[in-house]
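Position 37, counted from 1, in the sequence shown is what the UniProt record's numbering calls 37; the numbers after and before it change by one each time, with no gaps. Think of the CB as a built atom: it goes at the ideal place given N, C-alpha and C, for glycine as much as any other residue. Structure, as structure tokens:
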Amino acid sequence: RLLKKLFAGYNKWSRPVANISDVVLVHFGLSIAQLIDVDEKNQMMTTNVWVKQEWHDYKLR
Numbered sequence: 001r002l003l004k005k006l007f008a009g010y011n012k013w014s015r016p017v018a019n020i021s022d023v024v025l026v027h028f029g030l031s032i033a034q035l036i037d038v039d040e041k042n043q044m045m046t047t048n049v050w051v052k053q054e055w056h057d058y059k060l061r
């Protein structure tokens with residue numbers, strides 16, 4: 001119910017800023033979740049990763 005209330009009428013295509021001239025600071029992170037394969041000959045690693053993206057949306061207070 002909380003998610004339905006928070007996102008009722010929410011436009012996911014609009015920028016999460018109060019004023020059009022405001023910037024959106026997005027913090028990125030990358031974490032290796034699993035090392036799948038190491039190919040030493042070709043110097044290549046195959047991994048599964050988690051990509052983290054964080055920003056503040058003033059409309060979701």
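L35 sits in a strand when the DSSP states are folded into three classes. Rounded to whole angstroms, the gap between the alpha carbons of D39 and I32 is 17 Å. Only residues of its own chain outside the window of five on either side were considered, and among them Q53, E54 and W55 have a CB closer than 8 Å to the CB of V26, listed in chain order. Per the C-alpha coordinates, the member of Q34, K59 and A8 positioned closest to T47 is Q34. Residue range L2 to F7 is occupied by the alpha helix (DSSP H) that includes K4.
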